[in-house]
Structures are given as C-alpha cells and as structure tokens.
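Q: When the letters of the sequence shown are read in order and numbered with my numbering, they come out as residues 234 to 487.
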Amino acid sequence: MLLPVCAQQGSIRTLVPLTGDSDEIAVVEITTSTVISKELLRTVNAIQRFSMHLHALLDENERDSLTRLLNRKSFDETFVRAALNLDAGSTSAAEGLERRRQGTEGGHWLGVIDIDHFKRVNDVHGHLIGDEVLILVAQLMKSTFRASDRLYRFGGEEFVVLLRCSDAQGAEAAFERFRDKVEKTPFPRVEHLTVSIGFTAIDACDTPGSAFERADQSVYHAKENGRNLALSYETLTACGLLQAKNQDGGVEFF
Numbered sequence: 234m235l236l237p238v239c240a241q242q243g244s245i246r247t248l249v250p251l252t253g254d255s256d257e258i259a260v261v262e263i264t265t266s267t268v269i270s271k272e273l274l275r276t277v278n279a280i281q282r283f284s285m286h287l288h289a290l291l292d293e294n295e296r297d298s299l300t301r302l303l304n305r306k307s308f309d310e311t312f313v314r315a316a317l318n319l320d321a322g323s324t325s326a327a328e329g330l331e332r333r334r335q336g337t338e339g340g341h342w343l344g345v346i347d348i349d350h351f352k353r354v355n356d357v358h359g360h361l362i363g364d365e366v367l368i369l370v371a372q373l374m375k376s377t378f379r380a381s382d383r384l385y386r387f388g389g390e391e392f393v394v395l396l397r398c399s400d401a402q403g404a405e406a407a408f409e410r411f412r413d414k415v416e417k418t419p420f421p422r423v424e425h426l427t428v429s430i431g432f433t434a435i436d437a438c439d440t441p442g443s444a445f446e447r448a449d450q451s452v453y454h455a456k457e458n459g460r461n462l463a464l465s466y467e468t469l470t471a472c473g474l475l476q477a478k479n480q481d482g483g484v485e486f487f
C-alpha cells in the first residue's frame with residue numbers, strides 16, 4: 234500500500250510501509266518528480282515481497298513454533314539490552330548503564346512462569362490437550378502483559394517474561410495479575426489451572442543466567458509452599474525465606 238505524503242516544488246514524496254506478519258517494521262520513502270510509474274511500482278512491490286519473506290524467516294527463527302512466543306535463542310540479546318536499559322532513546326550501552334546508575338530510568342524484571350502439575354495434564358488428557366493448554370497460557374500472557382514486554386517460551390511448561398516497570402510494586406502487581414487471570418480462566422477439559430511465578434529485578438551487571446537462576450529459585454520456593462503463587466526473589470531474601478547466592482556460587486535454602 235502506497236501512502237502519498239506531499240508534493241513540494243515539483244517533487245512527490247511517497248511512503249511505502251514494509252510489513253511483517255503482525256505489524257509495520259519499516260518505511261521506505263520515495264521521492265519522484267511525477268506520479269510513481271508502473272515500472273517503479275513493480276520494483277516497490279518486489280521490495281515489499283522480499284521484506285515480508287525476510288521478516289518471516291527471521292521471525293520463524295526467533296519464535297516458538299507452538300505458541301508463537303519468542304524462543305530461548307532470542308533471549309540473551311534482549312536481556313542484555315534490558316540490563317543496560319537500552320531503548321529507543323538510548324544511543325549506547327554506556328549511556329544505558331549510566332542512566333541505570335543515576336536512577337533516571339524504570340527498571341526491568343525477569344519473571345519465570347511454570348504451569349503447576351503440567352505433567353498430570355499430559356498424563357490424564359494427552360499431549361494434544363497439553364499443547365492446547367500451552368497455547369492458551371501464551372494467549373493469556375499476550376493479553377495481560379504490555380506489547381513492550383518480551384514474552385518467551387523456554388520449553389515444556391516454562392515461560393519467561395522480561396518486564397519493564399517503574400518500581401517493584403508495579404512488577405509484583407503485573408505478575409500477580411497474570412497469576413490471578415490464569416486461576417480464573419476455564420481451560421477446555423482441564424478446567425482449573427494454576428501457575429507458579431518467580432521474579433527478580435535485573436541489575437546492570439547481571440548475566441542472563443544469573444537473573445534466571447534467581448527467578449527460578451523463587452519458582453521452586455513457590456512450588457514447595459503450595460504453588461499458585463507469584464513471589465519476588467528480593468522479598469524472599471529480605472524475609473529470610475530464601476538465602477541470597479553465596480560468593481562461591483552455592484545456593485542455600487532455609
């Protein structure tokens with residue numbers, strides 16, 4: 234679809250959106266002295282088709298085939314950008330790090346979501362129903378979290394969220410809202426389903442593995458204490474329910 238913009242001093246500017254499966258990813262601007270010709274239109278259409286094909290290939294490589302959430306392979310790069318608070322307004326990693334140190338940006342949180350008793354779902358109802366549950370959970374994630382949040386399926390019944398929020402209370406509210414929505418949603422055949430969630434604040438010096446490990450410890454604690462909980466790693470350690478990671482890399486539980 235061509236979008237004529239304006240004609241100034243004998244020239245015509247035309248914008249050509251390059252689209253992917255779900256949204257516009259770029260715009261090509263064409264300036265001509267007359268109305269765009271059929272030959273140029275064919276070239277533009279070829280660029281559009283190539284762009285859509287390339288975007289589809291990239292999208293396929295980065296997304297889980299079942300749920301269409303992002304996959305584990307695409308996690309590391311986006312995590313590093315989140316740790317440094319890089320966004321459209323940041324020009325470099327150094328700038329992002331400095332903004333984190335000065336406290337001028339909202340933080341990021343990493344949440345690990347695990348479906349409770351998912352093996353039982355597969356054993357009782359079969360893997361087709363299990364796959365349907367995974368798809369529905371992914372849809373609930375998309376409808377609960379914001380479009381700017383990054384949603385992943387890591388495999389099996391494990392999902393990950395990279396959430397941007399102004400403070401810890403807002404992050405807790407977002408994860409609790411999702412936990413509550415899953416609990417109140419009727420699932421075909423399975424009917425009742427719950428999730429256990431662990432989340433942690435991302436530090437500028439974090440690695441993907443270190444932040445994931447903290448959130449995963451919180452999930453483990455949730456599952457050991459009744460499931461169907463959304464727990465913050467920082468809150469658990471502050472209350473003495475979970476001991477912070479030792480310098481030697483070991484983790485101890487009370």
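Even glycine gets a Cβ: it sits at the ideal position worked out from N, Cα and C.
Predicted model only: the values in this text are computed from it and were never measured.
Report back the beta-carbon spacing between V366 and V354 to the nearest angstrom; my notes put them in contact at under 8 Å.
A: Within the sequence shown, the letter at position 133 stands for residue 366. Within the sequence shown, the letter at position 121 stands for residue 354. Their Cβ separation, rounded to whole angstroms, is 6 Å, which keeps V366 and V354 in contact under 8 Å.
Q: Could you name the residues of the same chain whose beta carbon sits closer than 7 Å to that of T448, not counting the 5 residues immediately before and after it, in chain order?
A: Residue numbering aside, residue 448 sits at position 215 when the sequence shown is read from its first letter. Before going on, a small fix: residue 448 reads as Ala here, not Thr. Closer than 7 Å at Cβ, skipping near neighbours: L343, G344, V345, G431, F432, T433 and Y466.
Q: Under 8 Å, do G363 and F378 count as touching if we go by C-beta distance?
A: Position 130 of the sequence shown, counting from 1, holds the residue named residue 363. Position 145 of the sequence shown, counting from 1, holds the residue named residue 378. In this structure, F378 does not lie closer than 8 Å to G363 by Cβ.
Q: Could you tell me the distance, in whole angstroms, from the CA atom of T524 to the CA atom of L273?
A: With the chain running from 234 to 487 in the structure shown, residue 524 is simply not present.
Q: For R296, collect the residues of the same chain with a Cβ closer than 7 Å to its Cβ; drop the 5 residues on either side in sequence, then sort them by chain order.
A: Counting from 1 along the sequence shown, the entry for residue 296 is found at position 63. Cβ within range, chain order: L302, L303 and N304.
Q: If the criterion is Cβ atoms closer than 8 Å, does the pair T299 and A437 meet it?
A: The residue labelled residue 299 in the question sits at position 66 within the sequence shown. The residue labelled residue 437 in the question sits at position 204 within the sequence shown. Inspection of the sequence shows that residue 299 is occupied by Leu rather than by Thr. Not in contact: L299 and A437 (Cβ atoms no closer than 8 Å).
Q: How far does the beta strand (DSSP E) with R397 in it extend, from its first residue to its last?
A: Position 164 of the sequence shown, counted from the start, is the residue given in the question as residue 397. Here the beta strand (DSSP E) through R397 covers E391 to C398.
Q: Give me the Cα-Cα distance between L426 and A279, rounded to the nearest whole angstrom.
A: Within the sequence shown, residue 426 is the residue found at index 193, counting from 1. Within the sequence shown, residue 279 is the residue found at index 46, counting from 1. Taking the straight line from one Cα to the other gives about 47 Å.
Q: Could you name the residues of the same chain whose beta carbon sits closer than 7 Å to that of E409, not counting the 5 residues immediately before and after it, in chain order?
A: Stepping through the sequence shown from its first residue, residue 409 is reached at position 176. A463, listed in sequence order.
Q: In the DSSP assignment, find the unbroken beta strand (DSSP E) run with I348 in it and report its ends.
A: Reading the sequence shown from its first residue, position 115 is the one you call residue 348. I348 -> beta strand (DSSP E) spans G340 to I348.
Q: Look up S465 in the DSSP assignment and say whether it is helix, strand or coil.
A: Position 232 of the sequence shown, counted from the first residue, corresponds to residue 465. In this structure, S465 counts as strand in the three-state DSSP scheme.
Q: Keeping to the same chain, check which residues put their C-beta closer than 7 Å to that of I368; ignore five residues upstream and five downstream.
A: Start at 1 with the first residue of the sequence shown, and residue 368 comes out as number 135. Cβ neighbours of I368 beyond the five flanking positions: L299 and T300.
Q: Our contact map puts A477 next to T470 with C-beta atoms below 8 Å; I'd like the distance itself, whole angstroms only.
A: As a position in the sequence shown, residue 477 is number 244, starting the count at 1. As a position in the sequence shown, residue 470 is number 237, starting the count at 1. That pair is a contact at about 5 Å.
Q: Which stretch, first to last residue, makes up the alpha helix (DSSP H) that contains I368?
A: Counting from one through the sequence shown, the residue named residue 368 turns up at place 135. Counting along the chain, the alpha helix (DSSP H) containing I368 begins and ends at H360 to T377.
Q: Can you grab the Cα-Cα spacing for the pair V393 / H341, in whole Å?
A: Residue mapping note: residue 393 aligns to position 160 of the sequence shown, counting from 1. Residue mapping note: residue 341 aligns to position 108 of the sequence shown, counting from 1. One C-alpha to the other measures close to 13 Å.
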